[in-house]
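Novice: Note that the sequence shown covers residues 144 to 382 in our numbering.
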Amino acid sequence: RFKELNLNYRDIKSNLIYIDHHRKGNNLKNKPLDKYNIIMDNYTSASEIILDIIRLFNIKLNKCILHLFAAAILTDTGNFKYATNETFSRFNFLLQKGLDYKIILGILKLEVDVSEKIAKIKGSQRSKLIRYGDWLVCKTQVSNYESSVATSLISLGYDIVLVISPSKKSDAFRITARANQKVINKTGIHLGDLFNSISEISLGNGGGHNGAASHVGKKNLDATIKKIFGYFEKRLLEK
144 RFKELNLNYR
154 DIKSNLIYID
164 HHRKGNNLKN
174 KPLDKYNIIM
184 DNYTSASEII
194 LDIIRLFNIK
204 LNKCILHLFA
214 AAILTDTGNF
224 KYATNETFSR
234 FNFLLQKGLD
244 YKIILGILKL
254 EVDVSEKIAK
264 IKGSQRSKLI
274 RYGDWLVCKT
284 QVSNYESSVA
294 TSLISLGYDI
304 VLVISPSKKS
314 DAFRITARAN
324 QKVINKTGIH
334 LGDLFNSISE
344 ISLGNGGGHN
354 GAASHVGKKN
364 LDATIKKIFG
374 YFEKRLLEK
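1. Just the C-alpha distance for S190 and F236, rounded to the nearest angstrom, thanks.
2. Taking only the alpha-carbon atoms, compute the straight-line gap between G105 and T367 and give it to the nearest angstrom.
3. Is it buried or exposed for Y288, if we count other Cβ within 10 angstroms and need 16 for buried?
4. Grouping DSSP H, G and I as helix and E and B as strand, with all else coil, what is V292?
5. Tell me the residue span of the alpha helix (DSSP H) that contains K406.
6. Does DSSP put K203 in a helix, a strand or coil?
7. Going by DSSP in three states, H358 sits in which element: helix, strand or coil?
8. With DSSP as the reference, please indicate the residues paired to V280 in a beta bridge.
9. Quick one: what does DSSP say N328 is sitting in, helix, strand or coil?
10. Quick one: any contact between the segment 277-294 and the segment 252-265, if contact means 3 or more CB pairs under 8 Å?
11. Check F223 in the structure and name its three-state DSSP category.
12. In whole angstroms, what is the alpha-carbon distance linking I344 and K369?
13. Could you have a look at A213 and say whether DSSP puts it in helix, strand or coil?
14. Take K271 and list the residues in its own chain whose beta-carbon comes closer than 8 Å to its own, dropping the five residues that flank it on each side.
15. Could you check whether the segment 227-236 touches the segment 250-258, counting it as contact only if at least three pairs of C-beta atoms, one from each stretch, sit closer than 8 Å?
16. To the nearest angstrom, how far is the alpha carbon of Y244 from that of L238?
17. Would you decide whether N339 is buried or exposed? Buried here means 16 or more other CB atoms lie within 10 Å of its CB.
18. DSSP three-state label for A315, please.
19. Look up N287 in the DSSP assignment and say whether it is helix, strand or coil.
20. State the DSSP-derived secondary structure class of I341, mapped to helix, strand or coil.
21. Report yes or no: is there a C-beta of chain C within less than 7 Å of the C-beta of T319?
22. What is the DSSP secondary structure of I160, counted as helix, strand or coil?
23. Going by other Cβ atoms of all chains shown within 10 Å of its Cβ, with 16 needed for buried, is F212 buried or exposed?
24. Going by DSSP in three states, G241 sits in which element: helix, strand or coil?
25. Need the endpoints of the alpha helix (DSSP H) that G347 sits in, please.
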């Protein structure tokens, strides 16, 4: 696919190239996207895009860079939870070039901080169950560690988790969501598209994958939440 773009890094004049695997509409609405700004949402991590570019130009990687790529892929895909066949192919390339998988596991296996544990507990205590047929949706609120809280509540048994983090100083807020693979496959729900579409209400921006997304809003939290749950109701109750 990169060959079709006719990329030649020697021709790049800009000091900054925008590379991402999330389409965040408001961030790019008024910015020209030339062939050196690469946004590809069929990738599960931005590091995979960069790795493909490196492979295209036959750039050699030392062991430090190999391990950094591996750590980035594992982190962004939730330890391969959101990986594709191409993700495993790229990871295999790193292994063939000398990646030591045990080293990466040791680096990423960190002791959970007590504040993160407290956030998970509070997220569970404050959780509200909303049921759509056999689908179980959770809404909760914490002030930090939203991604970790959302993932832990999915493990608890919810199909979709929405974690809200309002600012204490303004009308701004953050929303993080997770969905399990079953509800994605059965309903076609796409949290990334949803979180991009609510930008007009929240005056913010967001995006992500079908099963993992985040959104940062400037105002209108209640209206934004109403829009999100309207989407859930429509998708989850469709016959």
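Positions of the beta carbon are idealized from the N, C-alpha and C atoms, including for glycine.
Remember, predicted model here, so these are calculated numbers, not experimental data.
Specialist: Reading it off the structure:
1. 13 Å
2. Coverage of the chain is limited to positions 144 through 382, which leaves residue 105 absent and any answer about it impossible.
3. Looking at its Cβ environment, which holds 16 or more other Cβ atoms inside 10 Å, Y288 is buried.
4. helix
5. Examination of residue 406 is not possible in this model, given that the chain is present from 144 through 382 alone.
6. DSSP places K203 in coil when its eight states are reduced to three.
7. strand
8. I273, I303
9. helix
10. Counting C-beta pairs closer than 8 Å gives three or more between the segment 277-294 and the segment 252-265, which meets the contact rule.
11. F223 falls in the coil class under three-state DSSP.
12. Between I344 and K369, the C-alpha separation is close to 10 Å.
13. The DSSP-derived three-state label of A213 is helix.
14. C281, K282, T283
15. no
16. Those two C-alpha atoms are separated by around 8 Å.
17. buried
18. coil
19. Here DSSP, grouped into helix, strand and coil, assigns N287 to coil.
20. coil
21. Reference to chain C is not applicable here, since this structure consists of a single protein chain.
22. coil
23. Residue environment analysis places F212 among the buried positions, since at least 16 neighbouring C-beta atoms fall within 10 angstroms of its C-beta.
24. coil
25. G347 -> no alpha helix (DSSP H), and no H or E assigned at all.
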